[in-house]
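Trainee:
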Amino acid sequence: MKCFGFTVGFVFLLCVANTHAHEMTPTYPKLDTTHVSGVLKTKMKIFNRREDVSYYEIGVFDKDWNAIPFVTSYKVLQMDYLAHAEVDIYINEGDATRSEYICSKSKLRKDDVVSSAIASRICSRIK
Amino acid sequence: MKKLVLVIMAFAFGYGFGTVAFAENVPIEGSVESRCLITTSNSGVYGNPLPQKLSTAVVDGGVLPIVRFDISLADAYKAKITTPTAFSSSPALSDSVAWTGSTILGTTSDAGMSGYEAAKVVYDATTEFDLTVAGSTWFKSTSTATYGYDKSFPGGIYSAIVVAECIAK
Chain H
34 MKCFGFTVGF VFLLCVANTH AHEMTPTYPK LDTTHVSGVL KTKMKIFNRR EDVSYYEIGV
94 FDKDWNAIPF VTSYKVLQMD YLAHAEVDIY INEGDATRSE YICSKSKLRK DDVVSSAIAS
154 RICSRIK
Chain R
836 MKKLVLVIMA FAFGYGFGTV AFAENVPIEG SVESRCLITT SNSGVYGNPL PQKLSTAVVD
896 GGVLPIVRFD ISLADAYKAK ITTPTAFSSS PALSDSVAWT GSTILGTTSD AGMSGYEAAK
956 VVYDATTEFD LTVAGSTWFK STSTATYGYD KSFPGGIYSA IVVAECIAK
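Sequence lines, in order, name chains H and R.
First residue of the first sequence: 34, per the working numbering; consecutive thereafter.
First residue of the second sequence: 836, per the working numbering; consecutive thereafter.
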């Protein structure tokens, strides 16, 4: 019963948390083969519930947080408030073994930052 | 006789099909996948208690930046919060700025999260929390900037950025 209460409360909390939130799934993306030999692909979903953010930057990193080359439609995505985006990320097979994290980071505009602001970054781990 | 058999067969088939149709189940399926949600509960405001000091501490007239992490799967993410080490925008400054900052555990949705504060790892301006329990956790950061040696900050707008990261383990 306690667990049920917690689950309902948590789901309610997720539902009402409709302002200033940044979300990216899946937590553990898998790289799949593509029709192009030597290129692997995964799909990430980003949900912008931050009214103060309109841009998100995508990045791929190794375990030491060195940048890994990758290809996607836009490395900086323009996203409206409450918009969903599905991002296809293509990684060279040679770089795939050392690719560890796929991250999305909110880009704050200088004009929007008053006194103190919070930049959010969510990183999924490639399995 | 043939007619009777046909009628019986028609009823049998009709009843049979009807039964199948009415007994058809329509499953509703759903799943909750592992995710991390970063919510900025409060962006924070710098207070200016002394001419050479800007601080988000409440005692200094500031407002603490508060960020919430919602985790739907236990032990899948860690939270990293980095307090500012530079202004993102400010008037021209001719002297150095000394930065201090810290992040503490705020409200939690589960009593099991109370151990996060004792287990946190601090390095440079970053504080790392291992999110081992599913649910919501609020973190509060304090940031202080002190200008030169007892110099007054020049008049103008100052802003700085706290970075909240949710890293899959």
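Just so it is clear, CB atoms sit at the ideal spot from N, CA and C, and this is done for glycine as well.
The model shown is predicted, which means the values in this text are computed figures rather than measured ones.
Excluding five sequence neighbours on each side, which residues of the same chain lie with their C-beta closer than 6 Å to the C-beta of residue 874 of chain R?
Mentor: These residues qualify, in order along the chain: 903.
Trainee: Looking at residue 986 of chain R: is its Cβ nearer than 8 Å to the Cβ of residue 887 of chain R?
Mentor: Yes.
Trainee: Report the start-end ranges of each beta strand (DSSP E) in the region 902-955 of chain R that is 3 residues or longer and not cut off at the edges.
Mentor: As far as the region 902-955 of chain R is concerned, its whole beta strand (DSSP E) runs of at least 3 residues are 912-917, 932-943.
Trainee: State the Cα-Cα distance for the pair residue 893 of chain R and residue 934 of chain R, rounded to the nearest angstrom.
Mentor: Rounded to whole angstroms, residue 893 of chain R to residue 934 of chain R spans 17 Å at the Cα level.
Trainee: Going by alpha carbons, who is nearest to residue 83 of chain H out of R:877, R:885, R:919, R:891?
Mentor: Of the candidates R:877, R:885, R:919, R:891, the one whose C-alpha sits nearest the C-alpha of residue 83 of chain H is R:877.
Trainee: Comparing alpha-carbon positions, which option in H:124, H:95, H:119 lies nearest residue 134 of chain H?
Mentor: Residue H:95 is the option with its Cα nearest to residue 134 of chain H.
Trainee: In this structure, does DSSP put residue 994 of chain R in helix, strand or coil?
Mentor: Correct three-state label for residue 994 of chain R: strand.
Trainee: Quick check: the Cα distance between residue 961 of chain R and residue 141 of chain H, rounded to an integer number of angstroms?
Mentor: Looking at the two C-alpha atoms, the distance is approximately 20 Å.
Trainee: Whole angstroms are fine: how far does the CA of residue 1003 of chain R sit from the CA of residue 59 of chain H?
Mentor: Going from the Cα of residue 59 of chain H to the Cα of residue 1003 of chain R covers about 10 Å.
Trainee: Output needed for residue 834 of chain R: all residues of its chain with C-beta closer than 6 Å, excluding positions within five of it in sequence on either side, in chain order.
Mentor: Nothing can be reported for residue 834 of chain R, as the shown portion of chain R is limited to 836 through 1004.
Trainee: Which whole-angstrom value is the C-beta distance of residue 976 of chain R and residue 920 of chain R, which I expect to be below 8 Å?
Mentor: Residue 976 of chain R to residue 920 of chain R, Cβ: 13 Å. No contact.
Trainee: Can you look up residue 858 of chain R in the DSSP assignment and give me helix, strand or coil?
Mentor: Residue state, collapsed to three classes: helix.
Trainee: Could you tell me which of R:891, R:899, R:881, R:906 sits nearest to residue 867 of chain R, measuring between CA atoms?
Mentor: Considering only alpha carbons, the answer is R:906.
Trainee: Could you compute how far the alpha carbon of residue 959 of chain R sits from the alpha carbon of residue 75 of chain H?
Mentor: Distance between the alpha carbons of residue 959 of chain R and residue 75 of chain H is about 34 Å.
Trainee: Within 8 Å (strictly less), CB to CB, does residue 975 of chain R reach chain H?
Mentor: No, no contact with chain H.
Trainee: Using 8 Å as the limit for Cβ to Cβ distance, is residue 89 of chain H near chain R?
Mentor: Chain R contact via Cβ: absent.
Trainee: If you scan the region 83-153 of chain H from start to end, which runs of the alpha helix (DSSP H) of 4 or more residues do you find wholly inside it?
Mentor: Here the runs fully enclosed are 126-129.
Trainee: At 7 Å on the CB atoms, spell out the chain H contacts of residue 1003 of chain R, in chain order.
Mentor: Simply 60, 61, 156, 157, 158.
Trainee: Let me know if residue 138 of chain H comes out buried or exposed under the rule of 16 or more other beta-carbons within 10 Å of its beta-carbon.
Mentor: The residue is buried, with at least 16 neighbouring Cβ atoms inside 10 Å.
Trainee: Would you say residue 122 of chain H lies against chain R (beta-carbon separation less than 8 Å)?
Mentor: By this cut-off, residue 122 of chain H is not an interface position.
Trainee: Assign residue 898 of chain R to one of three DSSP states: helix, strand, or coil.
Mentor: Strand.
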